[in-house]
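Q: So the sequences go chain by chain: A and B. 1 is the number of the first residue of the first sequence in the working numbering; add one for each residue after it. 194 is the number of the first residue of the second sequence in the working numbering; add one for each residue after it. Don't be surprised by glycine CBs; every beta carbon is placed ideally from N, CA and C. The structure that follows is given in the form of structure tokens.
Protein chains: 2
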Amino acid sequence: MPPGYDKIVGALKLLLKEKEFNAITWAEIARTAGVNEALIYKYFHDKRNLLYKVLRQYLEKYAAQVEEDLKVTSGALNKLKKAIRAHFNAYSQDRIFAKILILEVRNYPDYFESETYELVKHWANSILAIIDEGVRNGEIRSDISARHLRQMILGGIEHLCLPEIVFGREFSPDTLTEELCEFIFHGIRSAEE
Amino acid sequence: MPPGYDKIVGALKLLLKEKEFNAITWAEIARTAGVNEALIYKYFHDKRNLLYKVLRQYLEKYAAQVEEDLKVTSGALNKLKKAIRAHFNAYSQDRIFAKILILEVRNYPDYFESETYELVKHWANSILAIIDEGVRNGEIRSDISARHLRQMILGGIEHLCLPEIVFGREFSPDTLTEELCEFIFHGIRSAEE
DNA sequence: CAGGTAAGTAAGTATTACATACTCGTCTGG
DNA sequence: CCAGACGAGTATGTAATACTTACTTACCTG
């Protein structure tokens, strides 16, 4: 990738720390990157596409490392926990990543036709695979659709850190992981005898 | 409210059926409403504020009715289920409402300073109150932060219907309610003896 | 019926996203 | 060793857009 490309990507990342995507202009990106606006057009054609490319970089950074991690873990519930912790870790380390994924891309239909979304889908599918494995080996109940279980888990992850992401507060990935797993594994009822 | 006000609100609702908020222009809104652009400015000052006002209408429509509903229900878990069903019902009936709340408002920081967000907070607090009640009377476990429990529940609701909202597919509020409650109440593990 | 007030509009303007056509340097094959 | 292809990057334009001002018109009220 030519230097200009990376400068532009870097500029957007930088600007996203301060303001939301829609409030960032071509002019600002170009100025921050130290290049001409037309170069953005050349490499990305439009602002959204640039955003998807930035998200993609983050996804690639984390996806591989997590997949490795999961291979050496046995048991569906253990894997699930590991995957959840990886999520929280990523979101807490790279706030920009979290902001883009949770707040900025979903409102635009063409995101769901982007390559980047394919990566997200792939990642979501690997969680589905873990659940399926758990259902097969009896760890996980089979009377709720695996897809729906996955959605509820992903929703739980997101909403647990959403306030901290929105308001820029710190959070502890480990604490959230423990609580979420307790919730997911046992539900909210108090222990009955 | 003067007729122009309602025409503008109606126009935005109509346009949101076809496209995302950012792709809707002042000119389109004005044309659809049959008024001058300057009238939008007069009543709403900017597009986002108009969006918040539209969301507010929806929130008011549902919030009152749900609160009534909850008063005649006893038991925290029962109330929780009712609240969850109300959510799914609202989202499935008014897709525009769901789209705005889940996809369109969160990415703009000033939303969190709007009156509309206060309504959302109020609604979220009433779920928190249900959980607190459940903790007090022993229905709900006390070893996980009530706030976090609420977040996980809200996240579950959202993510269960998110794909259908994004891709414009139908869904059954009752089925989703049953599944989500099963999940929330008992967790994902298979029943152990 | 004077005068305040609310609804609504005509007519801007600065900014913005996007687009075209160019320059400049480097590398490559004959 | 040089013609010319090619890739990086830019100067310059343009239509559209969000927002603003100053105005008109109709009504209501004392």
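Would you mind telling me which residues of chain B sit closer than 8 Å to residue 20 (chain A), beta carbon to beta carbon, in chain order?
A: Counting from one through the first sequence, the residue named residue 20 (chain A) turns up at place 20. Ordered by position in chain B, the residues that pass the 8 Å Cβ test against residue 20 (chain A) are 300, 301 and 302.
Q: What first and last residue would you give for the alpha helix (DSSP H) that runs through residue 345 (chain B)?
A: Position 152 of the second sequence, counted from the start, is the residue given in the question as residue 345 (chain B). In the DSSP assignment, residue 345 (chain B) falls within the unbroken alpha helix (DSSP H) covering 339-359.
Q: Using only CA atoms, which one of A:64, A:70 and A:83 lies nearest to residue 181 (chain A)?
A: The residue given as residue 181 (chain A) occupies position 181 in the first sequence. Nearest C-alpha to residue 181 (chain A): A:83.
Q: Just confirm the distance between the C-beta atoms of residue 380 (chain B) and residue 186 (chain A), as a whole number of angstroms; I'd bet it's less than 8 Å.
A: Your numbering for residue 380 (chain B) matches position 187 in the second sequence. Your numbering for residue 186 (chain A) matches position 186 in the first sequence. Rounded, the Cβ-Cβ distance is 4 Å, consistent with contact.
Q: Mapping DSSP to helix, strand and coil, what is residue 189 (chain A)?
A: As a working mapping, residue 189 (chain A) is identified with position 189 in the first sequence. Looking at residue 189 (chain A) - three-state DSSP - the assignment turns out to be strand.
Q: Identify each residue in the segment 157-176 of chain A for which the Cβ-Cβ distance to at least one residue of chain B is less than 8 Å, and report them in chain order.
A: 157, 158, 159, 160, 162, 163, 166, 167 and 176
Q: Contact criterion: CB-CB distance below 8 Å. Does residue 345 (chain B) meet it with respect to chain A?
A: The sequence position of residue 345 (chain B) within the second sequence is 152, counting from 1. By this cut-off, residue 345 (chain B) is an interface position.
Q: Report yes or no: do three or more beta-carbon pairs, one from the segment 342-352 of chain B and one from the segment 152-169 of chain A, lie closer than 8 Å?
A: yes
Q: Give a yes or no on whether 8 Å exceeds the smallest Cβ distance from residue 190 (chain A) to chain B.
A: For this step, residue 190 (chain A) is matched to residue 190 along the first sequence. Chain B contact via Cβ: present.
Q: Among B:330, B:269 and B:197, which has the Cα closest to the Cα of residue 227 (chain B)?
A: For this step, residue 227 (chain B) is matched to residue 34 along the second sequence. Selected option, being the one with the closest Cα: B:197.
Q: Contact criterion: CB-CB distance below 8 Å. Does residue 333 (chain B) meet it with respect to chain A?
A: Position 140 of the second sequence, counting from 1, holds the residue named residue 333 (chain B). Judged by the 8 Å Cβ criterion, residue 333 (chain B) is in contact with chain A.
Q: Check the Cβ of residue 380 (chain B) against every Cβ in chain A and list those closer than 7 Å, keeping chain order.
A: As a working mapping, residue 380 (chain B) is identified with position 187 in the second sequence. Chain A residues near residue 380 (chain B): 184, 185, 186 and 187.
Q: Consult DSSP for residue 323 (chain B) and reduce its assignment to one of helix, strand or coil.
A: Here residue 323 (chain B) is taken as the residue at index 130 of the second sequence, counted from 1. Three-state DSSP puts residue 323 (chain B) in a helix.
Q: Taking C-beta pairs closer than 9 Å, name the residues in chain A that residue 281 (chain B) reaches, listed in chain order.
A: Numbered from its first residue, the second sequence carries residue 281 (chain B) at position 88. The premise fails here: residue 281 (chain B) is roughly 12 Å from chain A at the closest Cβ pair, so nothing lies under 9 Å.
Q: By a C-beta neighbour count over all protein chains shown, 10 Å radius and 16 as the cutoff for buried, is residue 54 (chain A) buried or exposed?
A: If you number the first sequence from 1, residue 54 (chain A) lands on position 54. Buried, by the Cβ-count rule.
Q: Which two residues bound the contiguous alpha helix (DSSP H) that contains residue 199 (chain B)?
A: Taking the first residue of the second sequence as 1, we reach residue 199 (chain B) at position 6. Residue 199 (chain B) -> alpha helix (DSSP H) spans 196-211.
Q: Of the residues that make up the segment 300-324 of chain B, which ones have a beta carbon closer than 7 Å to any beta carbon in chain A?
A: Taking 7 Å as the Cβ-Cβ cut-off against chain A, the residues of the segment 300-324 of chain B that qualify are 300, 301, 302 and 305.
Q: Say yes only if the C-beta of residue 97 (chain A) is nearer than 7 Å to one or more non-hydrogen atoms of the ligand FMN, and no if none qualify.
A: The ligand FMN is not among the ligands present in this structure, which contains no ligands whatsoever.
Q: Tell me where the alpha helix (DSSP H) around residue 280 (chain B) begins and ends.
A: Your numbering for residue 280 (chain B) matches position 87 in the second sequence. That run of the alpha helix (DSSP H) goes 269-286.
Q: Decide if residue 386 (chain B) is buried, meaning its Cβ has at least 16 other Cβ atoms within 10 Å, or exposed.
A: Working through the second sequence from its first residue, we reach residue 386 (chain B) at position 193. At residue 386 (chain B), the pLDDT of 39 sits below 50, so the modelled position is not reliable; the number obtained from the coordinates is stated separately. Residue 386 (chain B) comes out exposed.
Q: Identify the continuous alpha helix (DSSP H) that holds residue 245 (chain B) and give its terminal residues.
A: Start at 1 with the first residue of the second sequence, and residue 245 (chain B) comes out as number 52. That run of the alpha helix (DSSP H) goes 240-264.
Q: For residue 369 (chain B), does the three-state DSSP call read helix, strand or coil?
A: Here residue 369 (chain B) refers to the residue found at position 176 when the second sequence is read from its first residue. Three-state result, residue 369 (chain B): helix.
Q: Could you check whether residue 39 (chain A) and residue 12 (chain A) sit closer than 8 Å to each other, using their CB atoms as the reference points?
A: Taking the first residue of the first sequence as 1, we reach residue 12 (chain A) at position 12. Taking the first residue of the first sequence as 1, we reach residue 39 (chain A) at position 39. Not a contact, by the Cβ cut-off of 8 Å.
Q: If I'm right that residue 366 (chain B) touches residue 267 (chain B) with Cβ under 8 Å, what's the distance once you round it to whole angstroms?
A: Along the second sequence, read from residue 1 onward, the residue named residue 366 (chain B) stands at position 173. Along the second sequence, read from residue 1 onward, the residue named residue 267 (chain B) stands at position 74. Rounded, the Cβ-Cβ distance is 22 Å, inconsistent with contact.
Q: Considering only residues of the same chain and omitting the five flanking positions on each side of residue 52 (chain A), which have a CB-CB separation below 6 Å?
A: In the first sequence, counting from the first residue as 1, residue 52 (chain A) sits at position 52. Counting only Cβ-Cβ distances below 6 Å, and skipping sequence neighbours, we find 114 and 116.
Q: Consult DSSP for residue 140 (chain A) and reduce its assignment to one of helix, strand or coil.
A: Position 140 of the first sequence, counting from 1, holds the residue named residue 140 (chain A). The answer is strand: DSSP assigns residue 140 (chain A) an E or B state.
Q: For residue 133 (chain A), which residues in chain B fall below 7 Å Cβ to Cβ?
A: The residue labelled residue 133 (chain A) in the question sits at position 133 within the first sequence. Chain B residues near residue 133 (chain A): none, gap ~13 Å exceeds 7 Å.
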